[in-house]
Amino acid sequence: MECSRCGKPLNGTRRRSIGYQDFHVPCFSCAGCGKLLSEERAHIRDQLLWCEKDYRRRFSEICCYCHQPLTGEQVTAGGKSYHRKHLKCNACGKLVESAHAEVNEQFYCKDEKCYGKARLLCEVCGKVLPSKHRMTPRGNRLCSSHVGVIPCSSCGRPARTQKSGKPESITLCPGCQKNRVETGQALKACVRKVCRGMEHLGFPLGARTIKASLADEEGIRRHMVTLSDKLPSALVVGKASGSQEILVLAGLSEEHTMALISHELFHIWLVRNRIKVDEPVLLEGLCEYMQWLWLRRRHHKEDARYRCKQLETNPDEIYGGGFRNCRSAVQLTGSFGSLIEHVRTNKSFPQKDTVRIT
């Protein structure tokens, strides 16, 4: 029997266990702070051990008001989570009860005194909206003058009201426009951030070994290997471990770019670790799940929560279906790391007949 952390034989030495995994006592330490753990106070996530404090800090949901891990009594409103004490009426300051109203991302008591002070505003021009108005799939409210608004290519928020004379492949809202990735230096910074996140998840890739370049639509189209009407925003070029390169569509926001990179980097991780996966649903499902894990580390950011929701509800059979199959398989194996080892050996999800492709 081998230690689940260092891989060396356990033999007759003292050991500690969690789930189905066994460790040398010195190896049974927190991946964050390095402190030795007891079996009763240890958490395991993606093959890494965590103390209570670091586990909450890294993996607990974050209160959208104070941006601290959620502990104690908590509530959900408008798709966001809060400490109970932080969900307050924007008019009177009292704690909002279960029956409440949300206006312009602010919460109000439902009685007329408080809710009557709220005004619905068009998110393009800021004008007060009538009771009947348009709402985009992301929940943005628009007046009749901006019904034809073009969504942001990165975050889906309203970007601009009408098309310009020349065609543009990317249209960004003011927020995404501020941090769009247009230089090789900015792209390298994104790669470093994603590599650090993947390393914390237990899937290290040296950022200095990663080749990444920005490309326009034509540059990406030249390297597509499948016949599809939908142009990807990023892809991996090359099959050999040392020659692989990530191409990313230039001009997207930093958050969008890093989300794309996390998916493509896992393609590279699989190749470098000699895990051959041919089935598209399995391969893309694994990479989408890595992107979801990486985004979950940033769930204090609204864009990350939005992209997680997109991954979870994607109707595509290969990407969306693959992700949902992967998430079900992780529940069966206990961790993403255990699932990867299963895939390495069996080239399939575990108990595939019980995992439905949607």
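Using this note's numbering, you'd call the opening residue of the sequence shown number 1296 and step up by one each time. Glycine included, C-beta positions come from ideal geometry on N, C-alpha and C.
- Task: Ignore the nearest five residues each way along the sequence and tell me which others in ALA1529's own chain have a CB closer than 6 Å to its CB.
- Result: As a working note, residue 1529 is residue 234 in the sequence shown. Answer for ALA1529: VAL1543, LEU1555, GLU1559, listed in chain order.
- Task: Name the two residues that bound the continuous alpha helix (DSSP H) containing GLN1605.
- Result: The sequence position of residue 1605 within the sequence shown is 310, counting from 1. It spans 1597-1608 - the alpha helix (DSSP H) in which GLN1605 sits, taken as one unbroken run.
- Since TRP1589 contacts VAL1489 with CB under 8 Å, what's their CB separation in whole angstroms? As a first step, residue 1589 must be located in the sequence shown, where it is residue number 294. As a first step, residue 1489 must be located in the sequence shown, where it is residue number 194. So it is a contact: roughly 7 Å between Cβ atoms.
- Task: Output the boundary residues of the alpha helix (DSSP H) element that contains LEU1577.
- Result: To locate residue 1577, count along the sequence shown from 1; it is residue 282. Run containing LEU1577: 1575-1591, per the alpha helix (DSSP H) assignment.
- Query: Of the choices GLN1586, GLU1579, HIS1595, LEU1565, whose alpha-carbon is the least far from that of TYR1360?
  - Reply: Start at 1 with the first residue of the sequence shown, and residue 1360 comes out as number 65. Ranking GLN1586, GLU1579, HIS1595, LEU1565 by Cα distance to TYR1360 puts HIS1595 first.
- Of the choices LEU1500, CYS1417, GLY1514, ALA1510, whose alpha-carbon is the least far from that of GLY1537? Within the sequence shown, numbered from 1, the residue matching residue 1537 stands at position 242. Measuring from the Cα of GLY1537, the nearest candidate turns out to be LEU1500.
- Message: So the candidates are GLU1574, MET1585, GLN1539, TRP1564; which of them puts its Cα closest to the Cα of HIS1518?
- Response: In the sequence shown, residue 1518 corresponds to position 223, counting from 1. A check of alpha carbon separations from HIS1518 across GLU1574, MET1585, GLN1539, TRP1564 identifies GLN1539 as the nearest.
- Item | Whole-number beta carbon distance between CYS1471 and SER1548, since they are thought to touch under 8 Å | For the purposes of this step, residue 1548 is taken as the residue at position 253 of the sequence shown. For the purposes of this step, residue 1471 is taken as the residue at position 176 of the sequence shown. Indeed they touch by this definition, with Cβ atoms about 4 Å apart.
- Query: Is the beta carbon of GLU1334 sitting closer than 8 Å to the one on ARG1309?
  - Reply: Indexing the sequence shown from 1 puts residue 1334 at position 39. Indexing the sequence shown from 1 puts residue 1309 at position 14. With contacts defined as CB atoms closer than 8 Å, GLU1334 and ARG1309 fail to qualify as a contacting pair.
- Message: Along the chain, where does the beta strand (DSSP E) containing LEU1343 start, and where does it finish?
- Response: For the purposes of this step, residue 1343 is identified with residue 48 of the sequence shown, where counting begins at 1. Going by DSSP, LEU1343 is part of the beta strand (DSSP E) stretching over 1343-1345.
- Task: Starting from the C-beta of GLU1574, find all residues in its chain whose C-beta is less than 8 Å away, skip the five residues before and the five after it, and write them out in chain order.
- Result: As a first step, residue 1574 is located in the sequence shown; it is residue number 279 there, counting from the start. If you ignore the 5 residues before and after GLU1574, its C-beta comes within less than 8 Å of the C-beta of LYS1642, SER1643, all in its own chain and listed in chain order.
- Message: Please report the distance separating the alpha-carbon of ARG1436 from that of GLU1356.
- Response: In the sequence shown, the residue the question calls residue 1436 occupies position 141. In the sequence shown, the residue the question calls residue 1356 occupies position 61. GLU1356 has its alpha-carbon roughly 27 Å from the corresponding atom of ARG1436.
- Task: Could you check the C-alpha separation between GLY1616 and ARG1475 for me, to the nearest Å?
- Result: Counting from 1 along the sequence shown, the entry for residue 1616 is found at position 321. Counting from 1 along the sequence shown, the entry for residue 1475 is found at position 180. Rounded to the nearest angstrom, the two C-alpha atoms are 30 Å apart.
- Message: My parser needs the alpha helix (DSSP H) runs of 4 or more residues fully inside the segment 1491-1548; what are they?
- Response: If you keep only unbroken alpha helix (DSSP H) runs of at least 4 residues inside the segment 1491-1548, you get 1512-1516.
- Round the Cβ separation of VAL1638 and VAL1572 to the nearest angstrom and send it over; I've been treating them as touching at under 8 Å. Taking the first residue of the sequence shown as 1, we reach residue 1638 at position 343. Taking the first residue of the sequence shown as 1, we reach residue 1572 at position 277. Rounded, the Cβ-Cβ distance is 6 Å, consistent with contact.
- Identified DSSP bridge partners for PHE1318: As a first step, residue 1318 is located in the sequence shown; it is residue number 23 there, counting from the start. Beta-bridge partners assigned by DSSP to PHE1318: ARG1311.
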